[in-house]
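Here is the structure we will look at, set down as structure tokens.
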Amino acid sequence: MVSYMSLLMYGVGGIVVAGMALLVAFQEKLVYVPVLPGLTKSYPITPSRLRLLFEDVWLTSSDGVRLHSWLIKFSPDCTDIAHRLEMVRIMLQKLHCNVFMLSYRGYGASDGYPSQKGITMDAQAALDHLSQRTDIDTSQIVVFGRSLGGAVGAVVAKNNPDKVAALILENTFTSILDMAGVLLPFLKWFIGGSTSKGLKVLNFVVRSPWSTIDEIGQVKQPILFLSGLRDEMVPPFHMELLYAKAAARNKKCIFVEFPTGMHMDTWLAGGDHYWKTVRTFLQQNVLEKGDESQHKGNDSESTDCVT
Numbered sequence: 005m006v007s008y009m010s011l012l013m014y015g016v017g018g019i020v021v022a023g024m025a026l027l028v029a030f031q032e033k034l035v036y037v038p039v040l041p042g043l044t045k046s047y048p049i050t051p052s053r054l055r056l057l058f059e060d061v062w063l064t065s066s067d068g069v070r071l072h073s074w075l076i077k078f079s080p081d082c083t084d085i086a087h088r089l090e091m092v093r094i095m096l097q098k099l100h101c102n103v104f105m106l107s108y109r110g111y112g113a114s115d116g117y118p119s120q121k122g123i124t125m126d127a128q129a130a131l132d133h134l135s136q137r138t139d140i141d142t143s144q145i146v147v148f149g150r151s152l153g154g155a156v157g158a159v160v161a162k163n164n165p166d167k168v169a170a171l172i173l174e175n176t177f178t179s180i181l182d183m184a185g186v187l188l189p190f191l192k193w194f195i196g197g198s199t200s201k202g203l204k205v206l207n208f209v210v211r212s213p214w215s216t217i218d219e220i221g222q223v224k225q226p227i228l229f230l231s232g233l234r235d236e237m238v239p240p241f242h243m244e245l246l247y248a249k250a251a252a253r254n255k256k257c258i259f260v261e262f263p264t265g266m267h268m269d270t271w272l273a274g275g276d277h278y279w280k281t282v283r284t285f286l287q288q289n290v291l292e293k294g295d296e297s298q299h300k301g302n303d304s305e306s307t308d309c310v311t
């Protein structure tokens with residue numbers, strides 16, 4: 005007769021196996037979300053509909069994947085816009101910057117399917133394009149990334165110290181390995197990043213580890229960390245760990261908390277304090293160090309933000 009302990013062990017083993025199967029089969033759907041629930045893959049609102057000064061930019065990644073992006077240029081006549089572009093409207097008004105928005109492969113109108121290797125190549129293609137333009141100040145390119153975008157931004161900034169002037173991270177995770185235990189709590193005993201105390205015996209099944217904690221310590225440019233303390237997706241202590249790792253080697257790091265900020269609305273919850281923080285960071289670490297005689301843009305105080 006099978007004992008209750010044996011049944012319990014079989015049950016636990018079954019759960020672990022089921023969890024592994026789900027992780028192997030559906031991990032990309034957990035990490036990459038090209039389409040938000042209830043929305044279509046097509047853009048609900050475009051800059052042209054909102055009368056913004058912009059350029060449709062089509063790029064080709066190093067492996068041949070066709071990518072779509074927008075270069076939205078600063079204009080004093082910015083009009084009200086909605087959805088994700090709402091933050092861009094405020095950014096244009098508050099920071100007087102140009103904004104380059106890239107759709108990773110599989111996102112928006114871009115071709116292909118998302119992966120860590122592929123998205124890294126996409127981000128590099130976007131930065132290379134910007135670095136070759138003659139209508140912007142290429143010495144003042146700032147990479148801004150939220151959540152997954154922060155992980156991508158850390159890699160791009162580390163790999164391009166001569167092209168990226170500064171990095172801004174908002175509500176970013178230490179690694180997908182650490183996030184596995186957040187999304188599926190029982191996995192924290194088997195999967196984890198460099199800060200985890202688990203066994204890590206299943207790390208090999210994770211195809212997109214995005215270990216931001218390892219990348220951020222190698223970034224030499226100034227870094228601004230923006231942390232929403234009510235983040236419901238990424239535990240806020242992830243941002244604290246990222247800051248600690250970066251600040252141990254980089255003295256140009258600033259960490260700012262926003263008590264009511266959630267994962268996607270920290271910029272809104274932070275209000276004027278949020279934008280003043282970003283503006284001060286840019287003024288002290290990017291604009292003041294720029295050589296005005298080399299400015300190529302129409303606005304000598306315009307920074308170029310890549311998101």
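Using my numbering, the first residue of the sequence shown is number 5, and each one after it goes up by one. The beta-carbon is built from N, C-alpha and C at its ideal position, and this holds for glycine as well.
First and last residue of the uninterrupted beta strand (DSSP E) at residue i
i: Trp74; result: 70 to 76
i: Asp139; result: That residue, Asp139, is in no beta strand (DSSP E); it is neither H nor E in DSSP.
i: Met183; result: Taken as a continuous stretch (DSSP letters only), Met183 belongs to no beta strand (DSSP E), being part of the alpha helix (DSSP H) at 180 to 187.
i: Leu228; result: 227 to 232
i: Thr307; result: No beta strand (DSSP E) contains Thr307, which DSSP labels as neither H nor E.
i: Leu173; result: 170 to 174
i: Ile258; result: 257 to 262
i: Leu206; result: From DSSP, Leu206 is part of no beta strand (DSSP E); its letter is neither H nor E.
i: Met105; result: 102 to 106
When the options are compared against residue i, the one with the closest alpha-carbon
i: Leu106; options: Val146, Ser73, Gln97, Leu245; result: Ser73
i: Asn289; options: Thr311, Pro263, Cys257, Leu56; result: Cys257
i: Leu54; options: Gly185, Leu89, Ala158, Phe259; result: Leu89
i: Lys293; options: Thr307, Val160, Arg93; result: Thr307
i: Lys201; options: Gly185, Val209, Ser65, Arg211; result: Gly185
i: Asn102; options: Tyr36, Val146, Lys33, Asp132; result: Val146
i: Thr311; options: Lys33, Val37, Val35, Val160; result: Val160
i: Asp132; options: Ser65, Lys33, Arg283; result: Ser65
i: Thr124; options: Trp193, Phe190, Gly154, Gly221; result: Gly154
i: Glu32; options: Pro118, Lys162, Val92, Met91; result: Pro118
i: Pro240; options: Ala252, Thr264, Ala251, Gly221; result: Thr264
Cβ distance (whole Å) where residue i is taken to contact residue j below 8 angstroms
i: Gly110; j: Asp67; result: That belief does not hold up - the Cβ atoms of Gly110 and Asp67 are roughly 13 angstroms apart, past 8 angstroms.
i: Phe285; j: Gly274; result: At roughly 13 angstroms, the Cβ-Cβ gap does not stay under 8 angstroms, so Phe285 and Gly274 are not in contact.
i: Ala130; j: Phe148; result: Actually they do not touch by this definition, with Cβ atoms about 12 angstroms apart.
i: His267; j: Ser151; result: 7 angstroms
i: Thr270; j: Leu230; result: 6 angstroms
i: Glu219; j: Ala158; result: 4 angstroms
i: Ser215; j: Lys167; result: About 22 angstroms separates the two Cβ atoms, so there is no contact after all.
Own chain partners of residue i with C-beta closer than 6 angstroms, once the 5 adjacent residues on each side are dropped
i: Pro165; result: Lys224
i: Asp84; result: Because the pLDDT at Asp84 is just 39, under 50, the model does not fix this residue reliably, and the value given afterwards should be weighed accordingly. Excluding residues within five positions, none has a Cβ falling inside 6 angstroms.
i: Pro226; result: Ala170, Lys256, Asn289
i: Asp139; result: none
i: Leu56; result: Ile76
i: Thr281; result: Val260
i: Tyr278; result: Trp271
i: Glu59; result: Leu75
i: His242; result: Phe177, Thr178
i: Lys204; result: Gly196
i: Ala251; result: Cys257
i: Leu63; result: Leu71, Ala129, His133
Start and end residues, alpha helix (DSSP H) containing residue i
i: Phe285; result: 275 to 286
i: Phe241; result: 241 to 251
i: Leu99; result: 89 to 99
i: Asp218; result: 216 to 220
i: Val156; result: 152 to 163
i: Asp60; result: Here Asp60 belongs to no alpha helix (DSSP H); instead the beta strand (DSSP E) covers 58 to 64.
i: Ile123; result: 120 to 135
is_contact[residue i, chain C] using C-beta, thresh 7 angstroms
i: Lys121; result: Within the model displayed, chain C is absent; a lone protein chain is all it includes.
Beta-carbon proximity list for residue i, same chain, < 7 angstroms, skipping 5 on both sides
i: Ile217; result: Thr178, Ser179, Gly197, Ser198, Thr199, Leu245, Leu246, Lys249
i: Ala113; result: His72, Ser107
i: Gly116; result: Val69, Arg109, Gly110, Gly122
i: Asn254; result: Val223, Lys224, Ile227
i: Leu34; result: Leu187
i: Arg283; result: Lys98, Leu99
i: Met91; result: Trp271
Residues near residue i by beta carbon distance below 8 angstroms, same chain, minus five either side
i: Pro213; result: Gln120, Ser179, Ile180, Leu181, Gly197, Asn207
At least three beta-carbon pairs within less than 8 angstroms, the stretch 161 to 175 to the stretch 235 to 253: By the criterion of at least three beta-carbon pairs nearer than 8 angstroms, the stretch 161 to 175 is in contact with the stretch 235 to 253.
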